[in-house]
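Top line first, the protein sequences correspond to chains H and D.
Be aware that the first sequence starts at 745, since it is given in this note's numbering, and climbs by one per residue.
Be aware that the second sequence starts at 16, since it is given in this note's numbering, and climbs by one per residue.
Positions of the beta carbon are idealized from the N, C-alpha and C atoms, including for glycine.
Below is one structure, written out as structure tokens; comments come after it.
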Amino acid sequence: SQTIHQWPATLVQPVGSPLSLECTVEGTSNPNLYWYRQAAGRGLQLLFYSVGIGQISSEVPQNLSASRPQDRQFILSSKKLLLSDSGFYLCAWSVLQGLGNEQFFGPGTRLTVL
Amino acid sequence: DQQVKQNSPSLSVQEGRISILNCDYTNSMFDYFLWYKKYPAEGPTFLISISSIKDKNEDGRFTVFLNKSAKHLSLHIVPSQPGDSAVYFCAASGLDTGRRALTFGSGTRLQVQP
Numbered sequence: 745s746q747t748i749h750q751w752p753a754t755l756v757q758p759v760g761s762p763l764s765l766e767c768t769v770e771g772t773s774n775p776n777l778y779w780y781r782q783a784a785g786r787g788l789q790l791l792f793y794s795v796g797i798g799q800i801s802s803e804v805p806q807n808l809s810a811s812r813p814q815d816r817q818f819i820l821s822s823k824k825l826l827l828s829d830s831g832f833y834l835c836a837w838s839v840l841q842g843l844g845n846e847q848f849f850g851p852g853t854r855l856t857v858l
Numbered sequence: 016d017q018q019v020k021q022n023s024p025s026l027s028v029q030e031g032r033i034s035i036l037n038c039d040y041t042n043s044m045f046d047y048f049l050w051y052k053k054y055p056a057e058g059p060t061f062l063i064s065i066s067s068i069k070d071k072n073e074d075g076r077f078t079v080f081l082n083k084s085a086k087h088l089s090l091h092i093v094p095s096q097p098g099d100s101a102v103y104f105c106a107a108s109g110l111d112t113g114r115r116a117l118t119f120g121s122g123t124r125l126q127v128q129p
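Shown next, in the form of structure tokens:
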């Protein structure tokens, strides 16, 4: 069966510090991978998605970047965090089958920027 | 421009009764729709989906109805249980995003009263 891991679970960082959040998937090959953010009291906003190693699509301009160094590893980074980067970050994976695009989410990382 | 809208931020229902959660969309390219359930500080869990070639899909206590002409879908939970209390997100995908990206609504918080 497939599992998805995210770490750390919670993170408190000062403004201007760097960020690295990691996501790994087990039990599937060549998944599509996604990074979402949920700001307080709001829905899920897609930040990045990747259909393969080194292939990253950015959905919104922002202070963040993503990388996919291995098939089942997806990393979210920032060189200098802003207060507005605070939120709940979720990684997800999917495998396209016909019309279906069920995405399966990791446990999330709560980021607080002070 | 919100392409997927959940206009009710919250809903309260008595245990044993039916819960009806609604979702509207504006993008006519969407052809696959999903519902997710989310507990606080956890990732969303996939519940049920429906493609645009159907108008109803049922899975146990959960049924999703799709009205394409009205660009409206709903999730029915019968009977509702206290463990169903969570935030429910509607999501959609379509040809214009290569069926890869999901667009989420802002969520509806369901409270099932014992």
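Burial state of residue i, where buried means 16 or more other Cβ atoms lie within 10 Å
i, result
"R812 of chain H", "buried"
"W751 of chain H", "exposed"
Beta carbon proximity, residue i to chain H, threshold 9 Å
i, result
"S121 of chain D", "yes"
"E57 of chain D", "yes"
"T41 of chain D", "no"
Check whether residue i and residue j have beta carbons under 9 Å apart
i, j, result
"F127 of chain D", "S34 of chain D", "The displayed chain sequence assigns Val, not Phe, to residue 127 of chain D. Cβ distance < 9 Å, so V127 of chain D and S34 of chain D count as in contact."
"I748 of chain H", "A836 of chain H", "yes"
"Q21 of chain D", "L36 of chain D", "yes"
"R786 of chain H", "L834 of chain H", "no"
"I776 of chain H", "S838 of chain H", "The sequence given here places Asn at residue 776 of chain H; Ile does not occur at that position. Yes. Within cutoff."
"E766 of chain H", "F818 of chain H", "yes"
"F80 of chain D", "H91 of chain D", "yes"
"Y47 of chain D", "T60 of chain D", "no"
"L110 of chain D", "C38 of chain D", "no"
"S802 of chain H", "L791 of chain H", "yes"
CB contact below 9 Å: residue i versus chain D
i, result
"E770 of chain H", "no"
"F818 of chain H", "no"
"Q746 of chain H", "no"
"P752 of chain H", "no"
"Q757 of chain H", "no"
"E803 of chain H", "yes"
Same chain, Cβ closer than 6 Å to residue i, neighbours up to 5 away in sequence not counted
i, result
"A106 of chain D", "L49, L117 and F119"
"S43 of chain D", "none"
"Q806 of chain H", "none"
Cut-off 7 Å between Cβ atoms - residues of its own chain near residue i, not counting five sequence neighbours on either side
i, result
"P758 of chain H", "L858"
"L703 of chain H", "Because chain H is modelled from 745 through 858, residue 703 of chain H falls outside the range shown and cannot be assessed."
DSSP beta-bridge partners of residue i
i, result
"E73 of chain D", "D:T78"
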